[in-house]
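To convert, count from 1 in the sequence shown and add 69; that's our numbering.
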Amino acid sequence: MKKLPVVAMTMGDPSGVGPEVCLKAVQSPRVRKACLPLIVGDLKVLRHHARKMRLPGRLVPVSPDELDDLAGKSAGATAVLDLANVAARDRVFGRIRASLGRAAAGYIEEAVRQIQEGRAAGMATGPIHKEALQAGGYPFPGHTEMLAHILGRARPVMMLAHGKIRIVHISTHCSLREALRLVKRRRIVHAGRLLAEILEALDGRPPRIAVAGLNPHAGENGLFGSEEVCEIAPAVEDLRREGIAAFGPEAPDTVFAKLRGGQFDGVVAMYHDQGHIAGKMMAFRFGGKGGGNVRGVNVTLGLPIIRTSVEHGTGFDIAGRGMADASSMVDAVVFAARMARRRMNGVMK
């Protein structure tokens, strides 16, 4: 029988939908088939959420020393690595609190520790609230930057993935003004290189990647800005010299339609919303009363560990109401398990 990888699921902000989507995701046959899921969080908070929303399943605490036999310890139940770091007064829904930001950061740090010690193969992170995180003493704009700091990596790259929609970004959590300043040749080459590497590992063949332009119509040869001529086109040539099938600068208003149509295997976007708006338009479905079907995965490339994440936020407006859709967490866990198997088989670095 093939050994399944352990995927650590961080609970996210205890006041948001993170605990709910974790509890729902571990019940998914897709998750159970792909890995041994482990929730890293607060057991009492998870039980509070489960009771409030009448979620099925039995929760069992496990210690780090028991993770080597997680299948035996958690048979028929959901394993929880309990940090017990949320006070009773903080078991609330939809509140921004420094104490909860610190708690959420603790789950991230613990999951990284278990991966570094070889007890888990990767992590899938629940949503954190950036204001709570910073109020709690962690001066990071998001998971990506926090993990880069913990692991000593200067330039991680964010990839959105939903089926064959794979988009990386050369900048993430910064102002649009700052993002424009970061459109630099070396950053584009770095992101394109990481995208080509992960796509070849996942698809088993060299990918075709598109590099989006920044300006309308990809600048029209310098008529609408100089970035395409001075930074983006030279980066595309650099990638080609490395043997990567890179194309561009592609017009931003059509490149994602070409991606969806199969002309490309992935896209390098020039800033956060250029890639996120396109990716989420193709992966999210919202109804008129809130909630909806939220699919897709956030993958951090350029780290020495496997990290995926949900593609949504803390959902404070629906927390505690049982409305949160766990599809993105299921996708994130399954994607992390897939990457772990590739790494175990020597297909991926």
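Backbone N, C-alpha and C fix where the C-beta goes; we use that ideal spot for every residue, glycine too. The model shown is predicted, which means the values in this text are computed figures rather than measured ones.
Could you give the residue range of the beta strand (DSSP E) that holds F325?
Segment 321-330 is the alpha helix (DSSP H) holding F325; no beta strand (DSSP E) there.
Do three or more CB pairs link the stretch 160-170 to the stretch 189-200 at distances below 8 angstroms?
Touching, yes, given that three or more Cβ pairs across the two stretches are closer than 8 angstroms.
On the DSSP letters alone, give me the boundaries of the alpha helix (DSSP H) that M32 sits inside.
An answer regarding residue 32 cannot be provided, because it is not within the stretch 70 to 418 covered by the chain.
Assign S244 to one of three DSSP states: helix, strand, or coil.
Three-state result, S244: coil.
What's the call for S240, buried or exposed, on a 16-neighbour Cβ count within 10 Å?
With 16 or more Cβ atoms within 10 Å of its Cβ, S240 is classed as buried.
Return yes when the Cβ of R116 is within less than 9 angstroms of the Cβ of L107, no when it is not.
Using a Cβ distance threshold of 9 angstroms, L107 and R116 do not count as a contacting pair.
Please list the terminal residues of the continuous alpha helix (DSSP H) segment that includes G348.
For G348, the enclosing alpha helix (DSSP H) covers residues 341-352.
Compare the C-beta of G221 against all C-beta atoms of chain B and say whether one is closer than 9 angstroms.
Note that chain B does not occur in the displayed structure, where there is just one protein chain.
Taking N290 as the reference, which of V114, A320, D307, R329 has the closest Cα?
Among V114, A320, D307, R329, the Cα nearest to that of N290 belongs to A320.
Whole-angstrom Cβ separation of I301 and P318, contact assumed at under 8 angstroms?
Rounded, the Cβ-Cβ distance is 4 angstroms, consistent with contact.
Could you say which of M215, K253, A190, K102 lies nearest to V337 if we only look at CA atoms?
When only C-alpha atoms are compared, the closest one is K253.
Suppose contacts are defined by Cβ-Cβ distances below 9 angstroms. Is M398 in contact with M78 by that definition?
Yes, the pair counts as a contact, with Cβ atoms nearer than the cut-off.
Tell me which residues share the same chain as R160 and place their Cβ nearer than 8 angstroms to its Cβ, disregarding the 5 neighbours each side in the sequence.
Within the same chain, R160 has close Cβ partners P83, K113, V114, H117.
What are the partner residues of T194, as DSSP defines its beta bridges?
In the DSSP assignment, the residues bridged to T194 are T79, S378.
Could you have a look at M122 and say whether DSSP puts it in helix, strand or coil?
Helix at M122.
Judging by CA-CA distance, which residue of H242, V109, A119 is the nearest neighbour of V131?
The option with the nearest alpha carbon to V131 is V109.
Going along the chain, which residues of its own chain have a beta-carbon closer than 6 angstroms to the beta-carbon of I236, five neighbours each way excluded?
Excluding residues within five positions, the ones whose Cβ falls inside 6 angstroms are L229, V336, A338, G344, G348.
With a threshold of 16 other CB atoms inside 10 Å of the CB of G357, please say whether the residue is buried or exposed.
Confidence at G357 is low in this model, with a pLDDT of 49, below 50, so the placement of that residue should be treated as unreliable; the coordinate-derived value is given next. Exposed is the call here.
Cβ neighbour criterion (16 or more within 10 Å) applied to D137
Around the C-beta of D137, fewer than 16 other C-beta atoms lie within 10 Å, and the residue is accordingly described as exposed.
Between A406 and V76, is the Cβ-Cβ spacing less than 9 angstroms?
Their beta carbons are under 9 angstroms apart, which means A406 touches V76 by this criterion.
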